[in-house]
Amino acid sequence: MDRVLVLGSFPGKASLQKQEYYGHPHNGFWRIMGELLGFDPQMSYKERVGVLNRNRIALWDVLTSCSRKGSLDTSILKDTMVLNDFEIFFEKNKLIHTILFNGALAEAEFRRQAAKLDTIKKGTLEFHRLPSTSPAMAMMNLSEKIAAWSILLERLKISSNK
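If you read the sequence shown in our numbering, its first letter stands for residue -2, the second for the next number, and so on.
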């Protein structure tokens, strides 16, 4: 069972076309995960997802659908956002204790729209907003992003002790 959930906002065009999370070739997500978890980010998507699964890391998006021009979160039309069903998700994934938000929009929309969830009210989840791995987040270099995302390792150590 997964223990850590990485939440993005909504897949970009490249990810949707490839049917892969973080499918844009310049998105740093897989390089960051490779560095932190010790795998080659160039291996197949199936193998990369397998490493995440073995480490009890789940990937999902806050939004199940939206309209936008291009791939940037800033282009999402606010009135078209439809939130994923987190009530059902957390009911099926009771061991998740940490949510890592991949960027500000993922956190903002989750907190705004999902704040009513019983799971969150009970205080059973820990939240951390991390810098977006998107190439649009150019104010931080890859090394800085890896350092910020290293909290993942701390959260995995805690989950291995539970």
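Cβ coordinates follow ideal geometry from the N, Cα and C atoms, glycine included.
Small disclaimer: the values here were computed from a predicted structure and weren't measured.
{"Item": "DSSP puts Trp146 in a beta bridge; with which residues?", "Value": "Paired residues: none, contrary to the question."}
{"Item": "Evaluate contact between the segment 97 to 106 and the segment 4 to 20, counting only Cβ atoms and requiring at least three cross-stretch pairs below 8 Å.", "Value": "yes"}
{"Item": "So, helix, strand or coil for Gln16, using DSSP?", "Value": "coil"}
{"Item": "Identify which residue in Gln39, Lys43, Arg108, Val79 has its Cα closest to the Cα of Cys63.", "Value": "Val79"}
{"Item": "Between the alpha carbons of Ile148 and Lys66, how many angstroms are there, rounded?", "Value": "33 Å"}
{"Item": "Note down, in chain order, each residue of its chain lying with its Cβ closer than 8 Å to the Cβ of Leu33, except the 5 sequence neighbours on either side.", "Value": "Ile143, Trp146, Ser147, Leu149, Leu150"}
{"Item": "Nearest to Thr95 by CA position, among Gln110, Asp115, Leu114, Ala55, is which residue?", "Value": "Ala55"}
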